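One structure below.
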Amino acid sequence: MQATLPASAVSVPTPTGLIRTIIVVTAISAAVMELIDVTIVNVALNEIAGALGATIEDVAWVVTSYAIANVIIIPMTGFLADYFGRKKYYVASIILFTVASYFCASSTSLWQLVFWRFIQGMGGGALLSTSQGIIFDAFPPDKRGVASGIFGMGIILGPTLGPFLGGVIVDNYHWSYIFYVNVPIGILATILSILYIAKKPGEGTRKSQIKIDYAGIGLLAVGVGSLQYVLEKGQSDDWFESKIILVLTITAVAGLAGFIWRQFTTDHPVVNLRVLGKGTLGVTTIFSFVAGVGLFTSVFVYPVLVQRINGFTPTMTGISLLWPTLVGIPLFPLIGRRLSAGASPLPFIIIGMCTFVVFGFYSGTLNGQANQWDFFWAQIMRVFGVTMLQLPLINQAVAGLSPNDFPSAIALNNMIRQLGGAFGIALANTFVTRDYAQHRYDLVSNLTPENPLLTERLNQLGGATDRAYKLLDLSVDKQAYLLSYLDTFRLVGIFFLVILPLVWFLRSKKKSAEEVALAAKAMSEAH
126 MQATLPASAV
136 SVPTPTGLIR
146 TIIVVTAISA
156 AVMELIDVTI
166 VNVALNEIAG
176 ALGATIEDVA
186 WVVTSYAIAN
196 VIIIPMTGFL
206 ADYFGRKKYY
216 VASIILFTVA
226 SYFCASSTSL
236 WQLVFWRFIQ
246 GMGGGALLST
256 SQGIIFDAFP
266 PDKRGVASGI
276 FGMGIILGPT
286 LGPFLGGVIV
296 DNYHWSYIFY
306 VNVPIGILAT
316 ILSILYIAKK
326 PGEGTRKSQI
336 KIDYAGIGLL
346 AVGVGSLQYV
356 LEKGQSDDWF
366 ESKIILVLTI
376 TAVAGLAGFI
386 WRQFTTDHPV
396 VNLRVLGKGT
406 LGVTTIFSFV
416 AGVGLFTSVF
426 VYPVLVQRIN
436 GFTPTMTGIS
446 LLWPTLVGIP
456 LFPLIGRRLS
466 AGASPLPFII
476 IGMCTFVVFG
486 FYSGTLNGQA
496 NQWDFFWAQI
506 MRVFGVTMLQ
516 LPLINQAVAG
526 LSPNDFPSAI
536 ALNNMIRQLG
546 GAFGIALANT
556 FVTRDYAQHR
566 YDLVSNLTPE
576 NPLLTERLNQ
586 LGGATDRAYK
596 LLDLSVDKQA
606 YLLSYLDTFR
616 LVGIFFLVIL
626 PLVWFLRSKK
636 KSAEEVALAA
646 KAMSEAH
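To convert, count from 1 in the sequence shown and add 125; that's my numbering.
Put into structure tokens, the structure is as follows:
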């Protein structure tokens, strides 16, 4: 089941005029819908936790279950599109995503919501990848840079609108409407896709020639799922003191080891790991993993921080993420055009990595009194860093590879980025829990009768009464959480700083104009 350029990838007449516009709008709408759902829940986590009786740590599964599904489905997207036919698979994915959105909104328990988020992620994983291929095919080869820029704007627009729409919905309606909003969009996208997106000649006719690596799929799902549970619940379950954690750790190691062995020994791997030894892909995936950690972790921690500590409403949180992100949107088509013209992705990657280092350490200096403008510049840096890394890392993934390896490399790179995101959220949860306990211990240890500041604070609260001590305890709790969230931002900066020297190994010879065109085509097939 190795991802290769499908036989169905025969050129079809390039659409023009109104038809092209409808196709592009439809594909962008589907991609943006998927991307909105990656971030729309972040500003609603407090409300979901309260409504379903869950902790913030447990409700993080609403985010990570979606990411895990993406990790599993993304590397298989090219194969599934080739097996069933791109149009059929695309339409089916939109329908699956839409139906799952309805059941997410109708969920009455946390784990019911987590299950349907996983199903939603299975449908959503195809939307982003296949939408880009559809948009690329709507433009002639010499306009693929424009197509890349248009899609890049969609990539950043979705996560931008997500928190804003989520905030408005949560503040004015029920949290379930953050999922209900997908239903009419999904229905419209389904109808337009059926009517206007053309089939490629021969697509979906090679089923008999394609072998499915069921063992590889199963091992990947078991390994990633078990690892994610261990990372999410290990801290709260006291790690290996818990039998479940111990068993799932062994399962994760066995599953992932078996998956790797399977991919190197079967003739039809679900993920072609052999390409990791070619070009600079092996090192590039390290950067993509850390980029995923930085992107997902920062967008997960920030809404929780400003709502729990700084008193932001969900709408304020969404707006504080909206304006900085809009600043970065014009950069995407510019970078897309430069890469399409043959520019090296390396300078963009270096700038993006350094920007994330500064973002992490700067964000770690903010406090509980910070307002929207205090966070504005930190968010500007985050958006700029993401913009500098997104397209260049995809471009770097295929540097030095043969055209036949492009789809496998891009699919693998995208899977690693999503895996980094899932890992980052789990790491943030575990780190915050441990760090909070340490900071609370340190703060409480200073609350001794001999401390004049304690006496002064108690007097401000009305004397040494039960109410004053309770208010003081809440204040300590809030400060401990603030310090742990700030440390998490610093940890993100450290991740980027540690791997920055590996940039040296990303150097490769400049691609020819023909290789640039082939890379652009491969992105349309495998992104």
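For glycine and all other residues, C-beta sits at the position ideal for the given N, C-alpha and C.
Note that the structure is predicted; figures quoted are calculated from it, not measured.
Which first and last residues belong to the alpha helix (DSSP H) in which valine 203 is found?
Walking along the sequence shown from the start, residue 203 turns up at place 78. It is worth fixing the name first, because residue 203 is glycine in this sequence and not valine. Counting along the chain, the alpha helix (DSSP H) containing glycine 203 begins and ends at 202 to 209.
| Close Cβ partners of valine 187 (< 8 Å) along its chain, the five nearest in sequence each way excluded | Within the sequence shown, residue 187 is the residue found at index 62, counting from 1. Here valine 187 has Val166, Leu170, Ile173, Leu235, Leu238, Val239 and Arg242 as same chain residues with Cβ atoms under 8 Å from its own Cβ, once five neighbours each way along the sequence are excluded.
Check the C-beta distance from glutamine 604 over to isoleucine 199 and give it rounded, since I have them as a contact under 8 Å.
Stepping through the sequence shown from its first residue, residue 604 is reached at position 479. Stepping through the sequence shown from its first residue, residue 199 is reached at position 74. Not confirmed; about 40 Å, so no contact.
(request) Please go through the same chain and pick out, in chain order, the residues whose beta-carbon is closer than 7 Å to the beta-carbon of alanine 346, but skip the five residues on each side of it. (result) Residue mapping note: residue 346 aligns to position 221 of the sequence shown, counting from 1. Cβ neighbours of alanine 346 beyond the five flanking positions: Ile197.
Provide the residue span of the alpha helix (DSSP H) that contains glutamine 604, from first to last. Residue mapping note: residue 604 aligns to position 479 of the sequence shown, counting from 1. Unbroken alpha helix (DSSP H) run through glutamine 604: 591 to 624.
Report the three-state DSSP secondary structure of alanine 314 (helix, strand or coil).
As a first step, residue 314 must be located in the sequence shown, where it is residue number 189. If DSSP states are grouped into helix, strand and coil, alanine 314 belongs with the helices.
Original post:
Going along the chain, which residues of its own chain have a beta-carbon closer than 8 Å to the beta-carbon of glutamine 432, five neighbours each way excluded?
Top reply: One-based indexing of the sequence shown puts residue 432 at position 307. Val168, Asn171, Thr438, Pro439 and Thr442, listed in sequence order.
Please report how far the alpha carbon of serine 318 lies from the alpha carbon of asparagine 529, in whole angstroms. As a first step, residue 318 must be located in the sequence shown, where it is residue number 193. As a first step, residue 529 must be located in the sequence shown, where it is residue number 404. Distance between the alpha carbons of serine 318 and asparagine 529 is about 29 Å.
| task | Have a look at alanine 128 and phenylalanine 509 and give me their C-alpha separation to the nearest angstrom. | result | Counting from 1 along the sequence shown, the entry for residue 128 is found at position 3. Counting from 1 along the sequence shown, the entry for residue 509 is found at position 384. Confidence at alanine 128 is low in this model, with a pLDDT of 42, below 50, so its placement is unreliable and the value that follows should be read with caution. Going from the Cα of alanine 128 to the Cα of phenylalanine 509 covers about 32 Å.
(request) Tell me whether glycine 546 is buried or exposed, calling it buried when 16 or more other Cβ atoms sit within 10 Å of its Cβ. (result) If you number the sequence shown from 1, residue 546 lands on position 421. With at least 16 other beta carbons inside 10 angstroms of its own, glycine 546 counts as buried.
So within the segment 437 to 499, which uninterrupted alpha helix (DSSP H) runs reach at least 4 residues, ignoring any that extend past its ends? Within the segment 437 to 499, the complete alpha helix (DSSP H) runs of at least 4 residues are 439 to 453, 456 to 465 and 471 to 488.
Can you have a look at arginine 632 and say buried or exposed, based on whether 16 or more other CB atoms are within 10 angstroms of its CB? Locating residue 632 in the sequence shown gives position 507, where the first residue counts as 1. It counts as exposed.
Q. Which residues in the same chain as leucine 398 place their Cβ atom closer than 8 Å to its Cβ, once the five residues preceding and following it in sequence are excluded?
A. Position 273 of the sequence shown, counted from the start, is the residue given in the question as residue 398. The beta carbon of leucine 398 is closer than 8 Å to those of Ile385, Gln388, Phe389 and Leu537 in its chain, skipping five residues each way along the sequence.
Count the other C-beta atoms from every protein chain shown that fall within 10 angstroms of the C-beta of tryptophan 502, then say buried if there are 16 or more, exposed otherwise.
-> Stepping through the sequence shown from its first residue, residue 502 is reached at position 377. Looking at its Cβ environment, which holds fewer than 16 other Cβ atoms inside 10 Å, tryptophan 502 is exposed.
Through-space distance from serine 600 to serine 423, alpha-carbon basis: In the sequence shown, the residue the question calls residue 423 occupies position 298. In the sequence shown, the residue the question calls residue 600 occupies position 475. Distance between the alpha carbons of serine 423 and serine 600 is about 24 Å.
Quiz item: Is it the case that the Cβ atoms of tyrosine 214 and leucine 205 are separated by a distance below 9 Å?
Solution: The residue you call residue 214 lines up with position 89 of the sequence shown. The residue you call residue 205 lines up with position 80 of the sequence shown. Yes, the Cβ-Cβ distance between tyrosine 214 and leucine 205 is below 9 Å.
Residue range of the alpha helix (DSSP H) that includes asparagine 171: For the purposes of this step, residue 171 is taken as residue 46 along the sequence shown, with counting starting at 1. Start and end: 170 to 177.
Buried or exposed: where does serine 570 fall if 16 or more other Cβ atoms within 10 Å of its Cβ makes it buried? In the sequence shown, the residue the question calls residue 570 occupies position 445. That one is exposed.
Is the distance from the Cβ of phenylalanine 421 to the Cβ of leucine 516 below 9 Å? Translated into the one-based positions of the sequence shown, residue 421 becomes position 296. Translated into the one-based positions of the sequence shown, residue 516 becomes position 391. Cβ atoms of phenylalanine 421 and leucine 516: not closer than 9 Å.
**Prompt:** Where does proline 394 fall in DSSP's three states?
**Reply:** Counted from its first residue, the sequence shown places residue 394 at position 269. Here proline 394 sits in coil by DSSP.
Just how far apart, CA to CA, sit methionine 648 and leucine 344?
Sequence index remark: in the sequence shown, residue 648 carries index 523 (1-based). Sequence index remark: in the sequence shown, residue 344 carries index 219 (1-based). For methionine 648, the predicted structure reports a pLDDT of 49, less than 50, and the residue's modelled location is therefore unreliable. The matter cannot be settled from this model.
Item to complete: Compare the Cα-Cα distances from glycine 287 to each of Leu446, Leu430 and Ser367 and report the closest residue.
Response: As a position in the sequence shown, residue 287 is number 162, starting the count at 1. In terms of Cα proximity to glycine 287, the closest of Leu446, Leu430 and Ser367 is Leu446.
* To do: Please confirm whether asparagine 554 and glutamate 182 have their CB atoms less than 9 Å apart.
  => Translated into positions along the sequence shown, residue 554 becomes position 429. Translated into positions along the sequence shown, residue 182 becomes position 57. Yes, the pair counts as a contact, with Cβ atoms nearer than the cut-off.
### Task
Whole angstroms is fine: what's the gap from valine 577's alpha carbon to histidine 564's?
Residue numbering aside, residue 577 sits at position 452 when the sequence shown is read from its first letter. Residue numbering aside, residue 564 sits at position 439 when the sequence shown is read from its first letter. Inspection of the sequence shows that residue 577 is occupied by proline rather than by valine. Roughly 21 Å separates the two Cα atoms.
Ends of the alpha helix (DSSP H) at tryptophan 300?
If you number the sequence shown from 1, residue 300 lands on position 175. Counting along the chain, tryptophan 300 falls outside any alpha helix (DSSP H), and DSSP gives it neither H nor E.
- request: Whole angstroms is fine: what's the gap from leucine 471's alpha carbon to arginine 462's?
  value: Here residue 471 refers to the residue found at position 346 when the sequence shown is read from its first residue. Here residue 462 refers to the residue found at position 337 when the sequence shown is read from its first residue. Each residue's alpha carbon lies about 15 Å from the other.
I think isoleucine 303 touches isoleucine 294, with their Cβ atoms under 8 Å apart; what is that distance to the nearest whole Å?
By one-based count along the sequence shown, residue 303 stands at place 178. By one-based count along the sequence shown, residue 294 stands at place 169. Going by Cβ atoms, the distance from isoleucine 303 to isoleucine 294 rounds to 5 Å, so yes, they are a contact pair.
Please name the residue, chosen from Ile375, Ile541, Gly383 and Val483, that lies closest to alanine 416 on a Cα-to-Cα basis.
-> As a position in the sequence shown, residue 416 is number 291, starting the count at 1. Ranked by Cα distance from alanine 416, the options Ile375, Ile541, Gly383 and Val483 are led by Ile541.
Sorted by chain position, which residues of the same chain lie with C-beta nearer than 6 Å to threonine 490's C-beta, five sequence neighbours on each side aside? For the purposes of this step, residue 490 is identified with residue 365 of the sequence shown, where counting begins at 1. Closer than 6 Å at the Cβ level, and outside the excluded window around threonine 490, lies no residue.
ask   = When the Cα of leucine 625 is compared with those of Thr573, Phe414 and Ile144, which residue comes out closest?
value = Here the question's residue 625 lines up with position 500 in the sequence shown. It is Phe414 whose Cα lies nearest to the Cα of leucine 625.
>> Just to confirm my understanding: we take methionine 126, look at its own chain, exclude 5 residues before and 5 after, and list those with CB closer than 8 Å. What are they?
In response: For the purposes of this step, residue 126 is taken as residue 1 along the sequence shown, with counting starting at 1. Low confidence applies here, because methionine 126 scores a pLDDT of 46, under 50, leaving its location unreliable; read the following figure in that light. Within the same chain, methionine 126 has close Cβ partners Met201, Phe204, Ile335, Lys336, Ile337, Asp338, Gly341, His393, Pro394 and Val395.
Hey, how far is the Cα of isoleucine 322 from the Cα of leucine 143? Start at 1 with the first residue of the sequence shown, and residue 322 comes out as number 197. Start at 1 with the first residue of the sequence shown, and residue 143 comes out as number 18. C-alpha separation (whole angstroms): 13 Å.
Residue range of the alpha helix (DSSP H) that includes serine 413: For this step, residue 413 is matched to residue 288 along the sequence shown. If you look at serine 413, you'll find it in the alpha helix (DSSP H) that goes 406 to 433.
Legend entry - Cβ distance (whole Å) where valine 482 is taken to contact leucine 622 below 8 Å: Counted from its first residue, the sequence shown places residue 482 at position 357. Counted from its first residue, the sequence shown places residue 622 at position 497. Taking a contact as a CB-CB distance under 8 Å, the pair valine 482 and leucine 622 counts as one, their CB atoms being some 5 Å apart.
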